[in-house]
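Below is one structure, written out as structure tokens; comments come after it.
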Ligand code: AR6
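Next up, the structure:
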């Protein structure tokens, strides 16, 4: 008989003992066949089942049913080479400046494609601090919304630029979730006019997004839209590591 082992974790709480199994599986019944202490593996999503044992366990494959439907609901991260203004997603993210009054680069392209109404709405927002994010409608864009975030200006790396860049991605994702957004496209924030080194910025972008979707599965798809072939190749390389 084919046998596969999975880590499960038991936790004590006032209701009894909670068995956590990787989220893609559910137990078809609760027969546990052997027990083994293990350290918790990073990067696995867990779901809870109430059981009456208090140790790590191995479970035979026939006792598990693959939850294909659940798996499909997990957030997908994709990369694409192209112009973010063309993206057919719920929201695109703009790499803006603190005034939110438009500018060059992706900001200029987004304002041009969305039309003057975007600038009118941006004028009502009182700007946006570095690392924060604000939401507007998308107007003439395919995207229903634009999330405007302000990445850090690169200043040599000793001015908390990495934290500010992480916050730009994180606050954009938090705002997206608050607004029920299911699909979101990001440009490579801060890596143009603001001069953030591309590889360091890409690592922060990928890590922040990956960490976020481990905790929150409500977004269906996150797309990194890279404007140049080089940026696309860089993300491709980092995503495969
Ligand atoms: N689609 C996708 N990515 C793009 C597009 C596009 N249409 N156009 C440029 N990029 P930047 P920053 C890429 O300079 O560094 C503005 O003036 C570009 O190749 O747009 O955060 C704002 O008003 C680069 O990889 O944004 C601010 O003042 C990335 O988008 C300042 O620039 C970001 O480059 C913000 O600078």
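Numbering (the numbering used here), first residue to last: -7 to 233.
Glycine included, every Cβ here is placed at the ideal spot set by N, Cα and C.
In the DSSP assignment, residue 201 falls within the unbroken alpha helix (DSSP H) covering 190 to 207. Collapsing the DSSP output to three states places residue 77 in a helix.
Between residue 119 and residue 157, the C-beta spacing is not below 8 angstroms. Considered as a whole, the region 79 to 120 harbours 97 to 106, 108 to 114 as its complete alpha helix (DSSP H) runs of no fewer than 4 residues, in chain order.
Across the structure, residue 78 and residue 151 are spaced so that their CA atoms are roughly 34 angstroms apart. The beta carbon of residue 196 sits no closer than 7 angstroms to any heavy atom of the ligand AR6. The beta-carbon separation of residue 67 and residue 212, rounded to 6 angstroms, stays under the 8 angstroms limit for a contact. In the displayed model, residue 177 falls within a strand according to three-state DSSP.
The alpha-carbon of residue 114 is positioned some 33 angstroms away from that of residue 228. Residue 132 and residue 178 have their C-alpha atoms some 18 angstroms from each other. Counting of Cβ neighbours within 10 angstroms places residue 155 among the exposed residues, the total staying below 16. When the beta-carbon positions are compared, residue 223 and residue 136 stay at least 8 angstroms from each other. With respect to residue 107, residue 100 sits apart: the two C-beta atoms are not nearer than 8 angstroms. Note that the C-beta distance between residue 141 and residue 171 is not below 8 angstroms. Inclusion of residue 183 in the 7 angstroms shell around the ligand AR6 follows from its C-beta lying nearer than that to a non-hydrogen atom of the ligand.
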